[in-house]
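Enquirer: One structure is given below, represented as structure tokens, and several questions about it will come after.
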Amino acid sequence: MIDIDFYMKIFDLKYSLMNGEKYSRDYLLEKLEEYRSSNPVVYNIETTNACNMRCEMCPRTTMMTRPIETMKKELFERIIGQLTPWDDQKWHTWEKFVETKYGIHKNDMSENHFFLYVIPKVIVLHGYGDPLLDKNIPDYVEMMTKRGLHSYFSCNPANINMERTIQTFSNGLDYIKYSVESVDDLRHKQVRGQQSNFTESYKNILKLLDLKVQHNFKTTIVITMINLNKPWQREEFEKLKDAFKGMDVYIYIKSQDQQWYEDNKQKTESIHWLEFCQFPWSSMTIKSNGESCECVEDFNNEIVLGDAKTETLYDIWNGEKYKKLRMDHFELAHGIKCTEQCDMHLIGSFLVAK
């Protein structure tokens, strides 16, 4: 989830700032704090950071040094017990806002549609691991469904465990995303590692589509290809669309995250990466060990803002460490991931000189 109230309130100020309007730091600090909710909104809960892939575009492959951990069930339950879904009226207001301000209709299908119509209402259940490797993931989906919280996770289709996956569908999983980088097994392995494939993954996804119909599961199956600016990329994406033509899937090509890690000269088309970073004011990330970190991109838990095992989300969100992170974004602080290992613009880059 992201704080849709914050996004709606900040929109005009955000775009006037990004378009060259000058504001003082004190004024912007005051407005962002005014718009920020004191009640925390959680973007994602990384239930595990275990992964068997070796993806070329992921810093986890060569740079992640934190221990492999899987969240304990009682901690997950403690976290979601502090969260509340958006009510229907507020969500309807948000949909009208997105269509008016961003020009994207709720029935479209694209990268930016997914970011604006899906991500704000779901809790993302992945981070730097594959949720299908967590045996508790069906139980977590069930817990969320009972609380009215929408669930979503991205995974590698080579890891499809039919029994576990079907249980998540049965328990009310809202969205599942399968990352498919090529319809050719060799190319897929070159991008995602030797554990990946297309041929068997495709067969399993077709089985899941059949089971959806048989059991009337409401889970949306999402297929994405990451735009890595490969010479064969566009042709492969057209082949991927042909492979799923006429099927009940949501399919789109996605801009690459973490371009600082592997600069392939791709130009992003994602609103998420074109706007300045709003994570310090809009949403929290909880990692597999319970640490609250600055955002989902923090692969090594470098900026820890609290511990969900011992602190409430409210206290973390409104604490001194978060206050410092927000100031660091204004100050363009040196020596932190936000300024040295991230593609997003920080609000401080748009400020007038002190």
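Note that the working numbering has the sequence shown beginning at 35, numbered continuously upward. Quick reminder that beta carbons are idealized off the backbone N, C-alpha and C, glycines included.
Between L245 and the rest of its own chain, which residues show a CB-CB distance below 8 Å, the 5 nearest in sequence each way excluded?
Expert: Here residue 245 corresponds to residue number 211 of the sequence shown, with the count starting at 1. If we look at L245 and ignore the five residues flanking it on each side, its Cβ neighbours are I200, F203 and F251.
Enquirer: Indicate whether S304 and F149 have their beta-carbon atoms separated by less than 8 Å.
Expert: Position 270 of the sequence shown holds residue 304. Position 115 of the sequence shown holds residue 149. For S304 and F149, yes; Cβs fall inside 8 Å.
Enquirer: N323 and Q229: beta carbons closer than 8 Å?
Expert: Walking along the sequence shown from the start, residue 323 turns up at place 289. Walking along the sequence shown from the start, residue 229 turns up at place 195. Contact flag unset, no.
Enquirer: Are the CB atoms of V330 and N78 nearer to each other than 8 Å?
Expert: Against the sequence shown, residue 330 aligns to sequence position 296. Against the sequence shown, residue 78 aligns to sequence position 44. It is a contact, given that the beta carbons lie within the stated cut-off.
Enquirer: Of the choices P191, E374, F333 and F310, whose alpha-carbon is the least far from that of L47?
Expert: Against the sequence shown, residue 47 aligns to sequence position 13. Among P191, E374, F333 and F310, the Cα nearest to that of L47 is on F310.
Enquirer: Along the alpha helix (DSSP H) that carries S50, what are the first and last residues, could you check?
Expert: Within the sequence shown, the letter at position 16 stands for residue 50. Where S50 is concerned, the enclosing alpha helix (DSSP H) stretches over I38 to M52.
Enquirer: Ignore the nearest five residues each way along the sequence and tell me which others in K343's own chain have a CB closer than 7 Å to its CB.
Expert: Position 309 of the sequence shown, counted from the first residue, corresponds to residue 343. Taken in chain order, the residues that qualify are L109 and G324.
Enquirer: Would you report the Cα separation of N73 and W351, rounded to the nearest angstrom?
Expert: Locating residue 73 in the sequence shown gives position 39, counting from the first residue. Locating residue 351 in the sequence shown gives position 317, counting from the first residue. If I take the Cα positions, the gap works out to 8 Å.
Enquirer: Specify whether the segment 88 to 102 and the segment 215 to 228 touch according to this definition: at least 3 beta carbon pairs, one from each stretch, less than 8 Å apart.
Expert: Yes, they touch.
Enquirer: Could you give the C-beta distance for G340 and G353, rounded to a whole number, given that I count them as a contact under 8 Å?
Expert: As a position in the sequence shown, residue 340 is number 306, starting the count at 1. As a position in the sequence shown, residue 353 is number 319, starting the count at 1. G340 to G353, Cβ: 6 Å. Contact.
Enquirer: Is DSSP giving K388 helix, strand or coil here?
Expert: To locate residue 388, count along the sequence shown from 1; it is residue 354. With a pLDDT of 45 at K388, under the threshold of 50, the predicted position of this residue should be treated as unreliable, and no value is reported.
Enquirer: Grab me the residues of H366's own chain with a C-beta within less than 7 Å of its C-beta, minus the 5 sequence neighbours each way, in chain order.
Expert: Taking the sequence shown and counting its residues from 1, the one referred to as residue 366 is at position 332. Going by the sequence as given, residue 366 is Leu instead of His. T373, L380, G382 and S383, listed in sequence order.
Enquirer: What's the call for S213, buried or exposed, on a 16-neighbour Cβ count within 10 Å?
Expert: Start at 1 with the first residue of the sequence shown, and residue 213 comes out as number 179. By the neighbour-count rule (16 or more Cβ atoms within 10 Å), S213 is buried.
Enquirer: Is C189 helix, strand or coil when you go by DSSP?
Expert: Residue mapping note: residue 189 aligns to position 155 of the sequence shown, counting from 1. If DSSP states are grouped into helix, strand and coil, C189 belongs with the strands.
Enquirer: Just how far apart, CA to CA, sit N205 and T253?
Expert: What you label residue 205 is simply residue 171 of the sequence shown in a count that begins at 1. What you label residue 253 is simply residue 219 of the sequence shown in a count that begins at 1. About 10 Å.
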